[in-house]
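Be aware that the sequence shown starts at 1412, since it is given in my numbering, and climbs by one per residue. Heads up, the beta-carbon is just placed ideally off N, CA and C, and yes, glycines get one too. Being a predicted model, the structure only gives us computed values, none of them experimental. One structure is given below, encoded as structure tokens.
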Amino acid sequence: MVQIDRSNSAIVGLDLYTVAERHQPGLVNAIKEQIKSWKPNPYFVSASVHQSLDEVRVFTYSQWQPKFDHRSLPRPVVFNEFFPPDSLQLEVSASKSISAEVEIVAGNLITHLAEFRMIPSNQPEMVKQTTTELDRAMSNSAGLISATFHRSLDGTRMFNYGQWESQEAFEAILKQTGFNPDKPYWEGLARNEFHLYHVVHSEVSNAHC
């Protein structure tokens, strides 16, 4: 079972893909093969594959220890058929969960990945804002299982990896003050885009099973 390392003893690799709807299953299969090639790597901790509900996005959330840059690894030839991913290194900046651990498990839960783009000088303030808003979201959102904010090491982005019981539970938070897109808490600091996903595959290194 994959668990998000909230202590930052591992680095997060995030690979964001866009793909034609008809090619999404092929991309997911290619990523599964890539993860098989990652597993023997001594720095590999875990990886999970997420498939968007709109069927035109896929992302891989991987963890590497200690601070290994997965982007240095060769890409399998099969990926030549797809657009290259937007690939980043992240670390956890804040995390809350209704349970002791944040677990990534394939199934019917909804994963909400929100991307915030900003100039690097705004990232420290975004870290403060998201830490504060995280407490409010967890206290006032029925159906929110966990929320984990990550900051990119290059300073230009932050991501919220949220887990929800249902799409309806997620949509309810968009009506709350501060989370409503018309006047959000990140106004003036960042631009936001989000999409909804299902986890379709996960792998853990043999050393971390």
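Legend entry - Candidates P1451, R1482, I1515: closest to H1609 by CA position: Your numbering for residue 1609 matches position 198 in the sequence shown. Across the set P1451, R1482, I1515, the C-alpha of I1515 shows the shortest separation from the C-alpha of H1609.
Inset, instruction - Give me the Cα-Cα distance between P1496 and T1588, rounded to the nearest whole angstrom. - result: Reading the sequence shown from its first residue, position 85 is the one you call residue 1496. Reading the sequence shown from its first residue, position 177 is the one you call residue 1588. For the pair P1496 and T1588, the Cα-to-Cα distance works out to about 34 Å.
Inset, instruction - Just the C-alpha distance for S1473 and L1425, rounded to the nearest angstrom, thanks. - result: Residue numbering aside, residue 1473 sits at position 62 when the sequence shown is read from its first letter. Residue numbering aside, residue 1425 sits at position 14 when the sequence shown is read from its first letter. Taking the straight line joining both Cα atoms gives about 6 Å.
Legend entry - Sequence-distant residues of the same chain with beta carbon closer than 7 Å to G1554, five excluded per side: Taking the first residue of the sequence shown as 1, we reach residue 1554 at position 143. Excluding residues up to 5 positions away in sequence, W1575, E1576, S1577, A1580 lie with their Cβ nearer than 7 Å to the Cβ of G1554 in the same chain.
Inset, instruction - Between the Cα of E1432 and those of V1513, V1469, P1477, spot the shortest distance and give me the residue it belongs to. - result: The residue you call residue 1432 lines up with position 21 of the sequence shown. Closest in alpha carbon position to E1432, among V1513, V1469, P1477, is V1469.
Inset, instruction - May I have the straight-line CA-CA distance separating V1513 from S1506, to the nearest angstrom? - result: Mapped onto the sequence shown, residue 1513 falls at position 102. Mapped onto the sequence shown, residue 1506 falls at position 95. The alpha-carbon separation between V1513 and S1506 amounts to approximately 9 Å.
Inset, instruction - Keeping to the same chain, check which residues put their C-beta closer than 8 Å to that of N1519; ignore five residues upstream and five downstream. - result: Mapped onto the sequence shown, residue 1519 falls at position 108. Cβ neighbours of N1519 beyond the five flanking positions: H1609.
Legend entry - Option nearest L1545 by Cα separation, candidates S1557, K1447, N1491, W1449: Here residue 1545 refers to the residue found at position 134 when the sequence shown is read from its first residue. Shortest Cα-Cα distance from L1545 to any of S1557, K1447, N1491, W1449 involves S1557.
Inset, instruction - Indicate the three-state DSSP secondary structure (helix, strand or coil) for T1559 in the structure shown. - result: As a working note, residue 1559 is residue 148 in the sequence shown. In this structure, T1559 counts as strand in the three-state DSSP scheme.
Inset, instruction - Could you pull out every residue in the same chain whose Cβ sits closer than 8 Å to the Cβ of K1594, ignoring the five residues on either side in sequence? - result: Mapped onto the sequence shown, residue 1594 falls at position 183. Contacts found: T1588.
Legend entry - Contact set for P1487: own chain, Cβ-Cβ below 8 Å, skip 5 residues either direction: As a working note, residue 1487 is residue 76 in the sequence shown. Its chain contains A1441, E1444, Q1445, S1448 as the residues whose beta carbon lies nearer than 8 Å to that of P1487, once the 5 sequence neighbours on both sides are disregarded; these appear in chain order.
Legend entry - Spatially closest choice to M1412 from Y1428, S1457, L1427, by CA coordinates: Working through the sequence shown from its first residue, we reach residue 1412 at position 1. Closest option to M1412, Cα to Cα, is S1457.
Legend entry - Whole-Å CB distance - A1525 paired with F1590, under 8 Å assumed: If you number the sequence shown from 1, residue 1525 lands on position 114. If you number the sequence shown from 1, residue 1590 lands on position 179. Not really, about 10 Å apart at Cβ, beyond 8 Å.
Inset, instruction - Classify E1576 as helix, strand or coil using the three-state DSSP reduction. - result: The residue given as residue 1576 occupies position 165 in the sequence shown. Coil at E1576, not helix or strand.
Inset, instruction - Please state if the CB of R1482 and the CB of F1527 are separated by a distance shorter than 8 Å. - result: Translated into the one-based positions of the sequence shown, residue 1527 becomes position 116. Translated into the one-based positions of the sequence shown, residue 1482 becomes position 71. Taking 8 Å as the cut-off, the Cβ atoms of F1527 and R1482 do not count as close.
Legend entry - Closest residue to N1603 among I1530, K1450, S1510 (Cα-Cα distance): As a working mapping, residue 1603 is identified with position 192 in the sequence shown. Among I1530, K1450, S1510, the Cα nearest to that of N1603 belongs to I1530.
Inset, instruction - Taking W1597 as part of the alpha helix (DSSP H), name the residues at either end of that continuous run. - result: Taking the first residue of the sequence shown as position 1, residue 1597 is located at position 186. Looking at the DSSP string, W1597 is not in any alpha helix (DSSP H), and its letter there is neither H nor E.
Inset, instruction - Could you spell out where the beta strand (DSSP E) holding L1520 opens and where it closes? - result: Position 109 of the sequence shown, counting from 1, holds the residue named residue 1520. According to the DSSP assignment, L1520 belongs to no beta strand (DSSP E), since it is labelled neither H nor E.
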